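Comments concern the structure below.
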Amino acid sequence: MRPTRRGYGLALVTLVAIAMGAQFGARSLDALVVPAIAALAVGAAQVYRRTEPSVVRSHPLPGFPGETRTVTLTVKSNLSCDVHERVGPGLRAPDADAQLPEGTEYEYDVELLDRGERTLGPATVSQRDTLGLVSHATDSARTTPVLVYPAVRPITDRAAFSGLVERAGSRDRDAFDRLREYSSSDSLRDINWKASARRADAEFVVTEFAAEDEGGISVVCEAEPGHGDAMASAAASVAVYLLNADLVVDVAAPDGVVDEGRGDEQRDAVLGLLARTDAGEVSDAQRDRADVHVVAGPDGTRVAVDGVEHPFEGLVDAERAPYTTPSRTEVVA
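Each residue of the sequence shown is one higher than the last, beginning at 1 in full-length UniProt numbering.
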């Protein structure tokens with residue numbers, strides 16, 4: 001518990017008045033001194049009898065650099081209070097602090113600046129008496145993580161990936177393999193009616209198609225120290241491009257792997273890994289099985305597709321807007 005600036009000012013005026021009264025015997029100063037002391041005493045009593053404040057912060061959804069998230073801070077307090085919200089590196093929130101009348105909530109916008117797992121909080125709640133003379137600061141221990149994805153740039157040179165995409169695509173029912181006799185386990189749609197009609201024994205025959213490629217596309221990335229952001233951005237751009245084509249993708253990075261999968265959940269898992277990973281190397285086994293190999297270093301970022309190297313800048317269009325997060329509902333932390 002401590003006086004506020006206003007409290008310090010009132011205390012200083014009171015001390016001056018007491019000193020003047022002692023020196024000059026001015027009884028009229030009692031009209032100032034007594035109420036001032038009473039106000040400070042009442043304020044101290046109010047703050048002493050305060051209830052401990054609590055802070056609940058909404059959990060911002062992950063996003064990309066340059067995007068903004070709205071955060072709701074709910075503060076429970078039986079006194080008016082000032083809230084100071086700490087904002088970690090990689091984020092910017094110029095309006096995160098607030099003055100609140102007792103328990104209430106407020107919103108502020110936080111801008112996502114740099115890739116990584118960032119932090120909001122803890123918040124400091126300074127409760128004050130009715131006149132604003134005495135306050136007590138309480139630090140809320142709770143922090144909230146904010147995940148900032150790497151920048152994802154649109155792939156425009158699709159020819160570089162065409163062979164890879166075709167090989168990993170879904171089953172092609174035009175890829176004829178052979179004819180064979182029908183069995184009870186076969187689907188009726190596989191019966192070749194024209195060929196069956198030409199058979200003398202009147203037995204059905206089915207068309208057997210070439211088996212689809214069950215394997216996914218392996219994206220492997222690594223970087224020299226200081227080039228982790230470039231690595232993550234290139235790998236994320238390639239992975240999102242392939243996932244948007246509804247392909248099965250797995251990713252290996254210096255700090256972890258995401259097993260093969262497809263769809264929105266796989267995209268989120270891949271972006272989450274690439275948001276957190278640092279520069280470094282992968283294992284020889286991971287490097288050997290890569291369909292796409294991303295390497296970032298002081299000479300730039302290169303993407304090898306099926307062994308053919310491309311400068312990453314040549315695969316993307318710098319003038320097109322980067323990938324953004326689909327709108328989803330935020331949750332309370």
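Even glycine gets a Cβ: it sits at the ideal position worked out from N, Cα and C.
For clarity, every value in this text was computed on a predicted model and none was experimentally measured.
| Query | Result |
| --- | --- |
| Where does Arg287 sit, in a helix, a strand or coil, going by DSSP? | helix |
| Distance check for Ile217 and Leu100, CA to CA, integer angstroms please. | 53 angstroms |
| In terms of residue numbering, what span does the alpha helix (DSSP H) encompassing Leu274 cover? | Asp264 to Arg276 |
| Could you name the residues of the same chain whose beta carbon sits closer than 8 angstroms to that of Leu243, not counting the 5 residues immediately before and after it, in chain order? | Val249, Arg262, Gly263, Gln266, Arg267 and Val270 |
| Looking only at its chain, what residues have a beta carbon closer than 8 angstroms to the beta carbon of Thr156, apart from the 5 residues adjacent to it on each side? | Leu315, Val316, Asp317 and Arg320 |
| Indicate the three-state DSSP secondary structure (helix, strand or coil) for Ala39 in the structure shown. | helix |
| Suppose the cutoff is 6 angstroms on Cβ atoms and the five residues either side in sequence are ignored; what does the same chain contact list for Ser162 look like? | none |
| Starting from Arg118, trace the beta strand (DSSP E) in both directions and tell me its first and last residue. | Gly116 to Arg128 |
| Have a look at the DSSP bridge pairing and note the partners of Asp109. | Thr70 |
| Below 8 angstroms on the Cβ atoms is my guess for Val110 versus Val87; work out the distance and round it to an integer in Å. | 7 angstroms |
| Does DSSP put Leu32 in a helix, in a strand, or in coil? | helix |
| Leaving aside the five residues before and after Thr14 along the sequence, list all residues of the same chain whose C-beta is less than 6 angstroms from its C-beta, in chain order. | Val33 and Ala36 |
| Can you say whether Met20 is buried or exposed, counting buried as having 16 or more other CB atoms within 10 angstroms of its CB? | exposed |
| Which residues in the same chain as Pro122 place their Cβ atom closer than 7 angstroms to its Cβ, once the five residues preceding and following it in sequence are excluded? | Arg86, Asp139, Ser140, Ala141, Arg142 and Thr143 |
| Who are Gly280's beta bridge partners in DSSP? | Ala223 |
| Would you decide whether Val292 is buried or exposed? Buried here means 16 or more other CB atoms lie within 10 Å of its CB. | buried |
| Arg92 to Thr325, Cα distance in whole Å? | 19 angstroms |
| Using the rule of at least 16 other Cβ atoms within 10 Å of the residue's Cβ for burial, across every protein chain shown, is Thr277 buried or exposed? | buried |
| Is it buried or exposed for Val16, if we count other Cβ within 10 angstroms and need 16 for buried? | exposed |
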